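Enquirer: Numbering (my numbering), first residue to last: 179 to 1169.
Ideal placement from N, C-alpha and C gives every residue a C-beta, glycine not left out.
Note that this is a predicted model, so its numbers are computed, not measured.
In structure tokens:
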């Protein structure tokens, strides 16, 4: 293979030209640009190199060759041997010293191939800066300790959902699943070593099985020698499946052709997608162009330009080397520009705030007016869910009045019902106790950015530990660096949501504890990081050398602030009990005597066995005869005098004792007829070792969850009391504040927050983010259930002691959905052919993707009927047209706290305040069915001159004449929804 052929192969792999059969994500887009990319690789780049190198073939060297040829002919005609002519030999040597441009060309091809392939593998550029062979350089800026990982300048974008939950439907509706069996992990959590890497292969012991009329095809994901190619294993898998598939599922072999493979089947398509999605594209580079340009300079200085090349005795050769470098840099820069355009475009979509796909509410019946009960009782889907969740069967409408804590789910009702119901709330967001978001957590944090900036009091997360039982999806050889990028991206971004006196809590075990600690030091530079050990598994988990009984919790909070709450030992199920002892100092030695602290000697007043006050510090010449002095008014003065009648002291001085007033009780010794003061201290600083039995993940985690949700897929949920204590400590024992968990899992954090509110009637709020398919089978049902009752067994409530609640739950567009919905415009914009080749090339390298997706990404048409805009959303790995909630999306984009929602026909009005306190009205209308006059009429009907003057700004979609309907003291500013929508959705500063 020539150097040029090798370069072509490398570039076509990097530009995804070798993945023509993949029709999802960025591959679909690149396949549409196949002709332009191939022309760039096959024609434009070689020409660029030739043109640059040709410049060194000067007119002088051409004329020298002509002169030599003429001289040679003359010598031949004269019968003189050419070798005997000194003049001929001198001229010949001059030409020999000139450079062969073909050799230089091959060198440039070789350098380009070597440079680009060293950073690229399976869809990702890995930032490994080579210093020399097997030695790498890392950025260092003089830090005392430096944490660096291979993917530090990349976004981790992979989720394990495709690995764990890949399913699709055949044309007859039958469902097919791909699942992993006996998926191994590297021993001792080390990266894949030597000449082996993980590959997908068919599970030959049981390749297929039918469970409840659904086909399961079983794979392994284990290490194989690198010589065993994935394509070979995929071919074998297809053959085994073909030989074993039941006849009921033969539609899996229906044709799903591509231009390249006309005979491709549905099964082959999904098998290829399944393997590809779990092998490629784990990262998006934050600045690929900058990285590759820096690396190119480094490469040229270290591997192209050598000291010996600076040969002053042969200036022609030196000029040739410079030309080689110029050609290399010119062409490489163009490749880099093209690659950066593709990567930056993906980054743009990754960072784009995603659409809210759907919004619904779960509301206890006590908050719903009884006028809705008849319609509720008539809804069979709602009644069926109540039977499933709560084992409740209702006899009639009147039974709803006795079941105040049944949780209504608006998803079972029409939009008209939902709109009417939400109109009943005068302060909707304030009255909403929780928010559940079904989304990849980075995208959820992005959409929350404006609304919840500096609003989160406590963030508790329990991310995947990356141990053998909880590995994240990771690229071969990058297990730990992938994990650090996953956590760093999300923790770092969530910083903007935290209040100034925040507490962030992260649970982790020994596998990544060290990496997490160093990462947190980098992110939270002005904070303390207190790491607690929590004994969650007292029986121990067997390891190679030790049996692990504990994990860790990192508490991060601002330095110098007293923000952590106290442990309350009065709770019944704590092993640690209150400290009960006399208030009098009972220590030995002189330190307990009155003379050691005069301000600690004063009377405490008691009446009817209760402390009623405190006297002033006694004068030095006053010496009571007894511990008790009984006064005529019934008050008893109690002094700190010990049983030997020695004057002692109270352990609190007079100026501080009132701070513990509630901890003081009176003790009466009837035999001696003596009253004394006892202090019962129940509030203590939390210790850094939590070993109470209430933290057992089995007894108070798994058992509790399985009683609520039988056969839960979660094997190791946290103890409810671990999370309760973390939340309570993080809130500083306050009964209010927003608690965020963006690795929500089974929903323990939401459960803990509700349990705390149930105990003290608090107003704490919870936000849970979870992307797993179990959001609808575990996370959300758990919250619905614990609202109805706090006591469950075998999935059934043991009482109906519910709590009044309302929570909102939403589904967000995914990054994959954003890619899959992309529609490219004209491949060559009008008028581009009128420009020079240079301008056309500049368009291809820098602007093509942005320009050709502009009409889709900035689709003004969606606002004509905002209640019916649709996107294709992935369900069972098929794209399904689904309505999008533009109203809720915009509320997030401007940081809107909604007070009221009203809908009149095709006009929807949202009242509230932005996070900054700007009083705002948003008017949404279907432009196809409403006129400006109708909108104006509704506005004036709802908002007379007095009420309308309260608004600082009004947003409205579409062309309008709203400025003309101001009256009285109206000063509101009218703004177009469309303009603000796109500006807020794409944060240009991040791009």
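Checking the sheet assignment: what are the DSSP bridge partners for residue 975?
Expert: In the DSSP output, where bridge partners are listed per residue, residue 975 has 970.
Enquirer: With a Cβ-Cβ cutoff of 9 Å, do residue 905 and residue 945 count as a contact?
Expert: Result no, Cβ atoms of residue 905 and residue 945 do not sit closer than 9 Å.
Enquirer: Residue 997 lies in the alpha helix (DSSP H); which residues open and close that run?
Expert: Taken as a continuous stretch (DSSP letters only), the alpha helix (DSSP H) holding residue 997 covers 993-998.
Enquirer: Using three-state DSSP, classify residue 353 as helix, strand or coil.
Expert: Residue 353: strand per DSSP, three-state reduction.
Enquirer: Report all residues from its chain with a CB closer than 6 Å to the CB of residue 551; omit the five preceding and five following residues, and keep chain order.
Expert: Once the five neighbours on either side are set aside, the close Cβ partners of residue 551 are 575, 578.
Enquirer: Measure the alpha-carbon distance for residue 543 versus residue 859 and round it to whole angstroms.
Expert: The alpha-carbon atoms of residue 543 and residue 859 are separated by roughly 41 Å.
Enquirer: Between the Cα of residue 924 and the Cα atoms of 887, 909, 387, which residue gives the shortest distance?
Expert: Measuring from the Cα of residue 924, the nearest candidate turns out to be 887.
Enquirer: Kindly indicate the opening and closing residues of the alpha helix (DSSP H) around residue 223.
Expert: Its alpha helix (DSSP H) spans residues 223-232.
Enquirer: Can you give me the start and stop residues for the alpha helix (DSSP H) that residue 936 sits inside?
Expert: Taken as a continuous stretch (DSSP letters only), the alpha helix (DSSP H) holding residue 936 covers 926-938.
Enquirer: Quick check: residue 218 and residue 1022, are their CB atoms within less than 9 Å of each other?
Expert: Cβ atoms of residue 218 and residue 1022: closer than 9 Å.
Enquirer: For the structure I just gave you, are there three or more beta carbon pairs, one from the stretch 330-337 and one from the stretch 656-673, closer than 8 Å?
Expert: Judged by Cβ distances under 8 Å, the stretch 330-337 makes contact with the stretch 656-673, as three or more pairs qualify.
Enquirer: Is DSSP giving residue 645 helix, strand or coil here?
Expert: Here residue 645 sits in coil by DSSP.
Enquirer: Taking the continuous beta strand (DSSP E) assigned at residue 728, which residues delimit it?
Expert: Residue 728 -> beta strand (DSSP E) spans 728-736.
Enquirer: Under the rule that 16 or more other beta-carbon atoms within 10 Å means buried, what is residue 1070, buried or exposed?
Expert: Flag for residue 1070 reads buried.
Enquirer: Since residue 672 is in the alpha helix (DSSP H), which residue starts that stretch and which ends it?
Expert: Segment 657-672, the alpha helix (DSSP H) holding residue 672.
Enquirer: Quick check for students: name the residue ranges of the alpha helix (DSSP H) that lie wholly in the stretch 575-608, counting only runs of 4 or more.
Expert: Here the runs fully enclosed are 593-600.
Enquirer: Excluding the five sequence neighbours on either side, which residues of its own chain have a C-beta within less than 8 Å of the C-beta of residue 938, listed in chain order?
Expert: Cβ neighbours of residue 938 beyond the five flanking positions: 913.
Enquirer: Output the residue ranges of the alpha helix (DSSP H) runs that lie fully inside the stretch 862-921 and measure 4 residues or longer, sorted by chain position.
Expert: Within the stretch 862-921, the complete alpha helix (DSSP H) runs of at least 4 residues are 881-886, 898-908.
Enquirer: Any idea which residues DSSP pairs residue 760 with across the strands?
Expert: For residue 760, which the question treats as bridged, DSSP gives the partners 856.
Enquirer: Would you list the residues sitting across from residue 516 in a DSSP beta bridge?
Expert: Beta-bridge pairing links residue 516 to no other residue.
Enquirer: Whole angstroms is fine: what's the gap from residue 1164's alpha carbon to residue 1064's?
Expert: Straight-line Cα distance between these residues: approximately 15 Å.
Enquirer: Taking 8 Å as the limit between beta carbons, can you name the residues of its chain near residue 525, skipping five residues before and five after?
Expert: Around residue 525: 333, 462, 463, 464, 1169.
Enquirer: Cα-Cα, which of 427, 976, 443 is closest to residue 433?
Expert: Measuring from the Cα of residue 433, the nearest candidate turns out to be 443.
Enquirer: Leaving aside the five residues before and after residue 969 along the sequence, list all residues of the same chain whose C-beta is less than 8 Å from its C-beta, in chain order.
Expert: Around residue 969: 975, 976, 977, 979.
Enquirer: Anyone know if the C-beta pair for residue 856 and residue 842 falls short of 9 Å?
Expert: Yes, the Cβ-Cβ distance between residue 856 and residue 842 is below 9 Å.
Enquirer: Once DSSP output is grouped into helix, strand and coil, what is the label at residue 788?
Expert: Residue 788: strand per DSSP, three-state reduction.
Enquirer: Taking the Cβ atom as the reference point for each residue, do residue 982 and residue 583 lie within a distance shorter than 9 Å?
Expert: Contact: yes.
Enquirer: Quick one: any contact between the stretch 717-735 and the stretch 792-802, if contact means 3 or more CB pairs under 8 Å?
Expert: With the cut-off at 8 Å, the stretch 717-735 and the stretch 792-802 do not touch.
Enquirer: Determine the contact status of residue 1061 and residue 999, defining contact as a CB-CB distance below 9 Å.
Expert: Result no, Cβ atoms of residue 1061 and residue 999 do not sit closer than 9 Å.
Enquirer: Note down, in chain order, each residue of its chain lying with its Cβ closer than 7 Å to the Cβ of residue 566, except the 5 sequence neighbours on either side.
Expert: Once the five neighbours on either side are set aside, residue 566 has no close Cβ partner at all.
Enquirer: Would you call the stretch 860-874 and the stretch 594-601 in contact, with 3 or more CB pairs under 8 Å?
Expert: Touching, no.
Enquirer: Buried or exposed: where does residue 854 fall if 16 or more other Cβ atoms within 10 Å of its Cβ makes it buried?
Expert: The residue is buried, with at least 16 neighbouring Cβ atoms inside 10 Å.
Enquirer: Report the CB separation of residue 1088 from residue 1100 in whole angstroms; it is logged as a contact under 8 Å.
Expert: Confirmed, Cβ separation roughly 4 Å.
Enquirer: Determine the burial state of residue 435: buried for a count of at least 16 other Cβ atoms within 10 Å of its Cβ, exposed for fewer.
Expert: It counts as exposed.
Enquirer: Quick one: grab the DSSP three-state call for residue 1165.
Expert: The answer is coil: DSSP assigns residue 1165 none of H, G, I, E or B.
Enquirer: Using only alpha-carbon positions, find the residue among 696, 1109, 655 that is nearest to residue 373.
Expert: Ranking 696, 1109, 655 by Cα distance to residue 373 puts 655 first.
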